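Student: First the structure, then my questions, so here it is.
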Amino acid sequence: MDALKKLGRKVGATMLALTMTNSAIADTVTYFHNDISGSPLAATDPAGNLLWRENYKPYGEKLTRSAASSANTIGFHGKAHDDGTGLSYMGARYYNPVLGRFMGVDPVDFQIENLHSFNRYTYANNNPYKYVDPDGRYAHLLVAMVYALTALSATLTIQTALNGFSQHGQGDVSIGPLSFPGSDIDRSSQWQKASESSSGHSPPKDSTKSPEKK
0 MDALKKLGRK VGATMLALTM TNSAIADTVT YFHNDISGSP LAATDPAGNL
50 LWRENYKPYG EKLTRSAASS ANTIGFHGKA HDDGTGLSYM GARYYNPVLG
100 RFMGVDPVDF QIENLHSFNR YTYANNNPYK YVDPDGRYAH LLVAMVYALT
150 ALSATLTIQT ALNGFSQHGQ GDVSIGPLSF PGSDIDRSSQ WQKASESSSG
200 HSPPKDSTKS PEKK
């Protein structure tokens, strides 16, 4: 019986230690700050303290390899990166950022209008300044993707701001990295009325209305 009690206490202590460890891991939150292609340039903790910085060459090879970021497995384009092999898993195939080439044949057939597609291992049409290939199948114009994401963000944010205008009379509009403070509708209309009263002028009447019948 004593042996069973000791075993039970050991199992209980082990389970408690595992639970505390898992709780500590679960409470660890890291915020990634990415560039327009999704590559993490920095990471911060919940308090806003900088944990590490990273930079990349045009084809995705890391320029800085700090000890603080050694545990980070998110790399170029926000894809999983394996330091052991130096490869990134893009989705459809693996990619070598040092060579600037995919390690497998393109699963999508070549396009006659795109000469770069005849090279079955090329990345971003051999022009990472202009194109991105986020999943290893198609090269997309980087600027077009940014505009599309910005337009989507602007549409959603402006709609939210308009809802804020109708409910609260003020709001903010942000488009991509830009932010425009919303005006206070009630105050601006009151200011306009006050200025009209002080000047002795009233707003012009609508001349298109037909005269009332007597």
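In case it helps, numbering that gives the first Met the number 0 puts the sequence shown at residues 0 to 213.
Where a beta carbon is used, it is the ideal one built from N, C-alpha and C, also for glycine.
None of the values given here were measured: they were computed from a predicted structure.
Given a cut-off of 8 Å, decide if Gly85 and Val104 are closer than it, judged by their beta-carbon atoms.
Tutor: No, Cβ-Cβ distance for Val104 and Gly85 is not below 8 Å.
Student: Express the C-alpha separation of His80 and Phe101 in angstroms, rounding to a whole number.
Tutor: Taking the straight line from one Cα to the other gives about 14 Å.
Student: Give the C-beta separation of Tyr55 and Phe75 to the nearest angstrom, bearing in mind that I take them to be a contact with Cβ-Cβ under 8 Å.
Tutor: Right, the Cβ-Cβ distance comes to about 6 Å (below 8 Å), so this counts as a contact.
Student: Can you give me the C-alpha to C-alpha distance between Thr29 and Asn95, rounded to a whole angstrom?
Tutor: If I take the Cα positions, the gap works out to 26 Å.
Student: With which residues is Thr43 paired in a DSSP beta bridge?
Tutor: Tyr30 and Leu49, per the DSSP bridge assignment.
Student: With DSSP collapsed to three states, give me the class of Phe117.
Tutor: Phe117: helix per DSSP, three-state reduction.
Student: Counting along the chain, where does the beta strand (DSSP E) carrying Leu62 start and finish?
Tutor: Careful: Leu62 lies outside any beta strand (DSSP E) and carries neither H nor E.
Student: Can you check DSSP and say which residues form a bridge with His139?
Tutor: His139 is bridged to Val131.
Student: Which one of Asn124, Pro57, Leu141 and His32 has the shortest CA to CA distance from Gly47?
Tutor: When each option's Cα is compared against that of Gly47, the closest is His32.
Student: Should Ser38 be labelled buried (16 or more other beta-carbon atoms within 10 Å of its own) or exposed?
Tutor: Counting Cβ neighbours within 10 Å, Ser38 comes out buried, since at least 16 surround it.
Student: What residues in its chain sit with their C-beta under 7 Å from that of Tyr58, if we drop five residues either side in the sequence?
Tutor: Taken in chain order, the residues that qualify are Pro96, Gly99, Tyr122 and Pro127.
Student: For Ile73, does the count of other Cβ atoms within 10 angstroms reach 16, so buried, or fall short, so exposed?
Tutor: Ile73 comes out buried.
Student: Could you give the distance in angstroms between the alpha-carbon of Trp131 and the alpha-carbon of Asn118?
Tutor: It should be pointed out that residue 131 corresponds to Val in this sequence rather than to Trp. Distance between the alpha carbons of Val131 and Asn118 is about 16 Å.
Student: When DSSP labels each residue in this structure, what does Arg186 get in the three-state scheme?
Tutor: Note that Arg186 has pLDDT 37, beneath the 50 cutoff, so the model's placement of it is unreliable and no number is given.
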